[in-house]
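Undergrad: So that we are looking at the same thing, I have put the structure below in structure tokens.
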Amino acid sequence: MCRLIILLFILINSRNLFAESFQIVGNISHLANQWVSLTYMDDSLQSQIDSTYSVNGKFIFKGNVLEPTAAGIFSDDGNLSINFFFELGNTFINGNVMSPESITVNGGVSTNEYKNYTAMTTHLNHENDSLREVAFRNENDSVAFQKYWEAYSEKVKRNELKQEAWMMAHKNSVVNAYNFLYHYMVGDNLFKGDSLLKLMSEEVQHSKYSRERELVKANTVLREIGKPVKNFTQNDIYGNPFSTHTFAGKIYLIDFWASWCKPCRELNPSLVSDYRKYHDMGFEIVSVSL
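My numbering numbers the first residue of the sequence shown as 4 and each following residue consecutively.
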């Protein structure tokens with residue numbers, strides 16, 4: 004009987020230990036006392052949200068994941084909002100809410116990989132955006148616009164190669180699977196993501212983000228290829244109603260985009276080029292901002 008009790012005690016405490024396999028510890032100065040929330044996708048591909056009350060800028064989250072996981076933490080007042088990767092063990096978030104750039108996240112290997120990749124892509128996107136802005140400042144001068152737009156397009160291609168080089172140098176990083184899910188799902192990027200994913204490690208190919216990517220692909224418009232587009236009516240940027248009936252009998256492309264969507268921005272040069280090349284032949288583009 005005594006042995007049975009001891010065995011049960013060990014099992015119960017082992018379950019409790021396993022149930023708290025990660026711990027995220029926050030210490031953010033000047034953060035008002037309030038609720039702070041953690042969002043992430045668990046190993047069963049379900050979105051999770053956990054909340055805890057922060058006192059004097061201090062908060063702790065505990066839980067269980069089996070593999071590196073992308074997460075976001077935000078405060079009720081909106082002053083704290085960070086994205087990061089965490090994994091088994093401890094992750095520490097420190098800094099001053101009055102100075103967002105001072106906030107640091109330290110933890111496991113994936114935490115550092117995500118930080119490095121994000122820092123690189125932020126820099127590369129800034130380079131892309133700077134050239135794109137120069138091009139549009141010269142949009143009334145067709146020669147200058149073409150010159151700067153070609154420079155922008157070449158910069159985008161070179162920076163894409165830099166991102167892919169990082170991925171190839173980190174074939175065991177689940178951060179790549181996360182990127183393929185959220186940044187390689189539109190147009191040619193979808194197929195590029197498929198090709199790159201095959202070059203990753205088995206762990207990355209079978210990670211929860213890769214499994215979620217397959218589910219998303221199975222429920223996208225790819226299943227609708229070859230079927231007629233349903234007509235719709237929507238106000239244009241001037242507030243006037245526009246209908247796809249206007250293009251009856253013509254070839255037109257419906258482009259859904261958003262200013263915050265990196266793949267959308269990367270696709271812009273190709274869209275502009277195709278429009279200029281085929282517009283005189285009756286080709287039109289319907290751009291829908293989300």
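Note that CB positions come from ideal geometry on N, CA and C, so glycine has one too.
#1: Can you give me the Cβ contacts of N1 inside the same chain, cut-off strictly under 8 Å, excluding the 5 residues immediately before and after it?
#2: In chain order, what residues of the same chain have a beta carbon less than 8 Å from the beta carbon of K214, not counting five sequence neighbours either side?
#3: In three-state terms, what does DSSP make of Q166?
#4: Would you grab the beta carbon distance between V100 and L34 for me? Rounded to a whole angstrom, and I think it's under 8 Å.
#5: Buried or exposed for E136, going by 16 or more other Cβ atoms inside 10 Å?
#6: Opposite I254 in the DSSP bridges: which residues?
#7: For L41, name the three-state secondary structure that DSSP assigns.
#8: CA-CA distance, G110 and W169?
#9: Mind checking which residues open and close the alpha helix (DSSP H) that includes Y296?
#10: Between the region 196-204 and the region 231-247, are three or more C-beta pairs nearer than 8 Å?
#11: Is the Cβ of S57 closer than 9 Å to any Cβ of chain B?
#12: Apart from the five residues just before and just after R216, which ones in its own chain have a Cβ nearer than 7 Å to its Cβ?
#13: With contact counted as at least three CB pairs below 8 Å, one residue from each stretch, are the region 171-180 and the region 105-120 in contact?
#14: By a C-beta neighbour count over all protein chains shown, 10 Å radius and 16 as the cutoff for buried, is G29 buried or exposed?
#15: Name, in chain order, the residues that DSSP records as bridge partners for W260.
#16: Please work out which residues of its chain come closer than 8 Å, Cβ to Cβ, to V39, disregarding the five sequence neighbours upstream and downstream, and give them in chain order.
#17: For E217, which three-state DSSP category applies?
#18: Can you find the residues in the same chain that come closer than 6 Å, C-beta to C-beta, to S246, ignoring five residues on each side of it along the sequence?
#19: Which two residues bound the contiguous alpha helix (DSSP H) that contains G196?
#20: Please tell me whether T121 and N86 are closer than 9 Å, where the distance is taken between their beta carbons.
#21: Grab the span of the alpha helix (DSSP H) containing F183 for me, first residue to last.
#22: Is the beta carbon of Y212 less than 9 Å from the beta carbon of A73?
#23: Would you list the residues sitting across from F88 in a DSSP beta bridge?
#24: Given a threshold of 16 other Cβ atoms within 10 Å of its Cβ, counted over all protein chains shown, does V219 qualify as buried or as exposed?
#25: What is the rounded straight-line gap between the Cα of F286 and the Cα of D191?
#26: Under 9 Å between the Cβ atoms of I27 and N93?
TA: Reading it off the structure:
#1: Since the first and last residues shown for the chain are 4 and 293, residue 1 lies out of range.
#2: This sequence places Arg at residue 214; Lys is not what is there. If the five residues before and after R214 are omitted, its C-beta is found closer than 8 Å to the C-beta atoms of L48, all from its own chain and listed in chain order.
#3: Helix.
#4: Right, the Cβ-Cβ distance comes to about 5 Å (below 8 Å), so this counts as a contact.
#5: Counting the other Cβ atoms within 10 Å of the Cβ of E136 gives fewer than 16, which makes it exposed.
#6: Per DSSP, none; premise fails for I254.
#7: DSSP places L41 in strand when its eight states are reduced to three.
#8: Each residue's alpha carbon lies about 20 Å from the other.
#9: As displayed, the chain neither begins before 4 nor continues past 293, which places residue 296 out of reach and without an answer.
#10: By the Cβ criterion, the region 196-204 is not in contact with the region 231-247, since fewer than three pairs of Cβ atoms, one from each stretch, lie closer than 8 Å.
#11: The structure shown contains no chain B, having only a single protein chain.
#12: Cβ neighbours of R216 beyond the five flanking positions: F183 and L184.
#13: They touch, by the three-pair rule.
#14: Flag for G29 reads buried.
#15: Paired residue(s): S292.
#16: In the same chain as V39, and ignoring 5 residues on each side of it, the C-beta atoms closer than 8 Å to its own belong to G29, S54, T55, Y56, S57, F62, I76, F77, S78, D79 and L83, in chain order.
#17: Look at E217 here: in three-state DSSP terms it is helix.
#18: Around S246: T236.
#19: Looking at the DSSP string, the run of the alpha helix (DSSP H) that includes G196 is D191 to L200.
#20: Yes, they are a contact pair.
#21: If you look at F183, you'll find it in the alpha helix (DSSP H) that goes V177 to H186.
#22: Cβ distance < 9 Å, so Y212 and A73 count as in contact.
#23: Per DSSP, the beta bridge partners of F88 are A73.
#24: Exposed, by the Cβ-count rule.
#25: Taking the straight line from one Cα to the other gives about 20 Å.
#26: Cβ atoms of I27 and N93: closer than 9 Å.
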